[in-house]
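Numbering follows numbering that gives the first Met the number 0, in which position 191 of the sequence shown is assigned residue number 190; successive positions increment by one, without gaps. The next block holds one structure in the form of structure tokens; read it before the comments.
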Amino acid sequence: MYSTLISSQDLNNIIDDENLIIFDCRFNLIDKKLGYSNYLKSHIRKANYINLESNLSSAVTTHSGRHPLQKLSSFSNMLNYYGINNNSQIVVYDDENSSMCARFWWMLKLVGIEKCAVLDGGYKSWVASKFPTDKSIPKNHKNENIVYNFNEDYLINTEELKNKLKDNSVYLVDARDKERFLGKIEPIDKKAGHVPGAINMPFKENLEKDGRFKKKENLLKLFKNINKDNSKDIINMCGSGVTACHNFLAMEYCGLKRSRIYVGSWSEWSSYKDCDIEKE
């Protein structure tokens, strides 16, 4: 079973397994049609396309953040449409440093699906390994009728986060780039800065130059400051609950548990007038 990462070689070894279900999650936050366009040009054989905003997010509201969690009913219907069941081995990938597919991976964990893994190095790694690509779109899915529920232990809302920050019972980890965290720039959200008390751990630091994840021992070194006290939960956030999942994945991969996601992240926190903001 693959439950965190899978290499291109290992994926190729199981590519004909009838229980294997692959999802292409390529998505660009600026050019939102680019991911699907690239999928149509070429993708890993058997891969279905998943869109960050239409499949993994629900409608934006005033205080929801930019990528609120997809409704359970819609997400469940999608999983059943693709025939996911207890025998399925799911593999997800993208071409954005695994930042988009990590959101889907985490959402699968959120509903109790453990046999799901991110393709280490993404589509670039697959192509670089010279494994075959395809243009055809999979059809004839074996529909299921499984009832799913969100595991609330993986989630935290704004009010709960405020309270936990007050009593110093959590580590709040922000996956955004350092310049955004410090409030020097803010290319997307209306306000710049970070949540007081947050620790900046940019998700790209989880990766080697070729886009693959660092070895477990090196990831543990990155997370050493939040690995001192097992009594504290780890809350992951970012701009809108996407790259936070990348840190969640990296932590899971190197053995750090007790991690949750603040889905609304900075785009939700900064939408409230009574939420404090720090810069620098």
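We treat Cβ as the ideally placed atom computed from N, Cα and C, and that holds for glycine.
Among the candidates the options, whose CA atom is the shortest distance from the CA of residue i?
i    : options                  : result
K141 : K272, W268 and N18       : N18
D188 : I14, L28, I5 and S7      : L28
M0   : G82, I89 and L39         : I89
E168 : A197, K177 and N144      : Reading off the sequence shown, one finds Ser at residue 168, where the question assumed Glu. With distances taken between Cα atoms, S168 lies closest to A197.
S258 : P195, N246 and T242      : N246
S97  : T242, K45, V146 and P201 : T242
D9   : D119, L39 and A101       : D119
T292 : N217, N86 and I234       : Shown here, the chain extends from 0 to 279; a query on residue 292 therefore has no answer.
E143 : N85, F26, K70 and C115   : N85
I13  : M99, I43 and A191        : I43
G192 : K278, A174 and L221      : K278
N79  : V110, G182 and S7        : V110
H20  : E178, L219 and A116      : First, the amino acid is wrong: residue 20 is Ile here, not His. Nearest of E178, L219 and A116 to I20, Cα basis: A116.
N50  : T60, T61 and Y38         : Y38
Return the bridge partner residues of residue i from the DSSP annotation.
i    : result
H42  : D133
D173 : N199 and M236
E158 : DSSP output for E158 lists no bridge partner at all.
I21  : A46 and V90
R259 : I234
L68  : S56
I184 : In the DSSP output, where bridge partners are listed per residue, I184 has none listed.
I5   : L118
F212 : L206
H277 : For the sequence presented, residue 277 should be read as Glu rather than His. Paired residues: H193.
Which term fits residue i, buried or exposed, when burial requires 16 or more other beta carbons within 10 angstroms of its beta carbon?
i    : result
P67  : buried
K108 : buried
K165 : exposed
S282 : Summary: the structure shown does not reach residue 282, with the chain confined to residues 0 through 279, and so no result is reported for it.
S75  : buried
A58  : exposed
Y261 : buried
D273 : exposed
V91  : buried
D152 : exposed
V146 : exposed
G263 : buried
S36  : exposed
Tell me, to the nearest whole angstrom, how far the beta carbon of residue i is from that of residue j; I am working on the premise that it is less than 8 angstroms.
i    : j    : result
S230 : G64  : Not quite, the Cβ-Cβ distance comes to about 28 angstroms (not below 8 angstroms), so this is no contact.
G82  : G210 : The Cβ separation is near 30 angstroms, so there is no contact.
V172 : I225 : 6 angstroms
K215 : C253 : 4 angstroms
L4   : F202 : Going by Cβ atoms, the distance from L4 to F202 rounds to 15 angstroms, so no, they are not a contact pair.
D23  : N47  : 7 angstroms
For residue i, verify whether its CB is less than 7 angstroms away from any heavy atom of the ligand ZN.
i   : result
S97 : This structure does not include the ligand ZN; it has no bound ligands of any sort.
Could you tell me which uninterrupted beta strand (DSSP E) segments, each at least 3 residues in length, are contained entirely in the segment 70–156, listed from first to last along the chain? Entirely contained in the segment 70–156, the beta strand (DSSP E) runs reaching 3 residues are, in chain order, 88–92 and 115–118.
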